[in-house]
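Everything in the sequence shown is counted per my numbering, starting at 97 for the first residue and increasing by one.
Backbone N, C-alpha and C fix where the C-beta goes; we use that ideal spot for every residue, glycine too.
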Amino acid sequence: MKKVALLATALAMVTGSAFAADMRVKALKAPPPPAFDPWDVAFGGAIMSDYVFRGITQSNHKPSVAAYFEPRYNVTKDLQLYVGVAGESISFPNRAAAEIDIYGGIRPTFGAFAFDIGVWGYLYPGGTCYFGGTGIDFAGVDHGAGCAEKALLNTNVIKKDLSFFEVYAKGTYTVNDNWSFGFTEYYTPSYLNSGAWGNYASVVGKYIAPPTIFGASGVGMYVSGEFGRQWLGTSDSFYGVLAFPNGIKYADYNTWNVGIGFTYKVATLDLRYSDTNLSKGDCNAFTSDFAARGNISASSGTYLTPINPSGVGSNWCGATGIAKLSFDLTAMSNLK
97 MKKVALLATA LAMVTGSAFA ADMRVKALKA PPPPAFDPWD VAFGGAIMSD
147 YVFRGITQSN HKPSVAAYFE PRYNVTKDLQ LYVGVAGESI SFPNRAAAEI
197 DIYGGIRPTF GAFAFDIGVW GYLYPGGTCY FGGTGIDFAG VDHGAGCAEK
247 ALLNTNVIKK DLSFFEVYAK GTYTVNDNWS FGFTEYYTPS YLNSGAWGNY
297 ASVVGKYIAP PTIFGASGVG MYVSGEFGRQ WLGTSDSFYG VLAFPNGIKY
347 ADYNTWNVGI GFTYKVATLD LRYSDTNLSK GDCNAFTSDF AARGNISASS
397 GTYLTPINPS GVGSNWCGAT GIAKLSFDLT AMSNLK
């Protein structure tokens, strides 16, 4: 009986140990994956030495600040919907208070290909019409007492409201962790509310250096560039001249930029060179630059073009360097 009791005790101990082992295995079992959260928000800001858009300064070659807020909804990991609002400080001839951007679109991804398709609205509140004289253009259109009241010293004219919208499509092909290439395409039926259609297309490239390029500092580096072309139609009569009373055909132009950037956590410092092939005269006709100078003379005769009979020239479209410090965060990645 003693032997039987000892055998029963041993069996109970072995069984108990095995059961305990099973319990420990179950306790270490991996938890279920967290539920997919489709919502995210991106936001950020920047300060730059010059706000340049498609090769043309929007801030009279002065510093500018910017900020944006972009809610996002991820339908799947490869399909994102988004809307956004952004703002930039500017210095326009009509003295608009700021540029306010409202935009939205869809971002589908197919393997190494990522696309972005949407609509972008550019709003310029607080503007004033500068036309002068009687307010009547060369086509006989009366733009009202408000436009006749004020004039720019260099005889350029500018509308009160320059707001417009563009539809766009962008694509990026990521070759590997270091290289990516892409394209952009934007179209508007009335660029800067001028009455002239606009079409902008460009190719872009980017090289991201290996993350260990600066050791364990966490600082990253990239080099990127873009070459684009802006096609433009004919303005309405507001911008017409004696030779073209119903409107001027704006000059098409090429623009390019190349730069180097340094990243650390959510901060990016981008140093860039930008330029175009627009002449000073055609630049003045396109921008209505309030700071344009010069007259018809032997030294500045190059400013005189069929669409710029005043002879004044603008440097808003020339070569410039840009330093930009920006901060970009997403709620799901940076605020958890």
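Query, Result
"Proximal residues to alanine 415 (C-beta, below 8 Å), its chain only, five neighbours per side dropped", "Tyr369, Ser370 and Asp371"
"Alanine 305 to lysine 256 span [Cα, whole Å]", "46 Å"
"Continuous beta strand (DSSP E) assignments of at least 3 residues falling wholly in the stretch 161 to 217", "175 to 184 and 195 to 206"
"C-beta contact flag for isoleucine 418 and valine 148 at 9 Å", "yes"
"Pairwise C-alpha distance: asparagine 411 and cysteine 379", "8 Å"
"Cβ-Cβ distance between valine 299 and glycine 355 below 9 Å", "no"
"Tryptophan 327 versus glycine 311: straight-line alpha-carbon distance, rounded", "45 Å"
"Burial state of threonine 172, where buried means 16 or more other Cβ atoms lie within 10 Å", "exposed"
"Enclosing alpha helix (DSSP H) for asparagine 350 [first to last residue]", "Premise fails: asparagine 350 lies in the beta strand (DSSP E), 349 to 360, not in any alpha helix (DSSP H)."
"Stretch-stretch touch, CB-based, cutoff 8 Å, three pairs: the stretch 236 to 255 with the stretch 270 to 286", "no"
"Short Cβ contact (9 Å threshold) for arginine 81 with glycine 223", "The chain is shown from 97 up to 432; residue 81 falls before or after that span and cannot be answered."
"Below-9 Å beta-carbon distance, threonine 251 vs any chain C residue", "The structure shown contains no chain C, having only a single protein chain."
"Heavy atom of the ligand MN within 8 Å of alanine 419 beta-carbon", "Only the bare structure without any ligand can be found here, which leaves the ligand MN out of the picture."
"According to DSSP, residues forming a beta bridge with glutamate 281", "Ala265 and Ala297"
"Sequence ranges, beta strand (DSSP E) only - wholly within the stretch 306 to 350, length at least 3", "315 to 328"
"Outcome for asparagine 272 when other beta-carbon atoms lying within 10 angstroms are tallied against a minimum of 16", "exposed"
"Member of Pro405, Asp212, Gln154 and Thr268 whose CA lies at the smallest distance from the CA of valine 337", "Pro405"
"Proximal residues to tyrosine 226 (C-beta, below 7 Å), its chain only, five neighbours per side dropped", "Pro189, Asn190, Lys246, Ala247, Leu248, Val253 and Ile254"
"Nonlocal neighbours in the same chain, by C-beta distance under 6 Å from serine 333, ignoring five residues either side", "Asp233, Ala235, Val237, Asn342 and Gly343"
"Cβ pair alanine 339, leucine 421 closer than 9 Å", "no"
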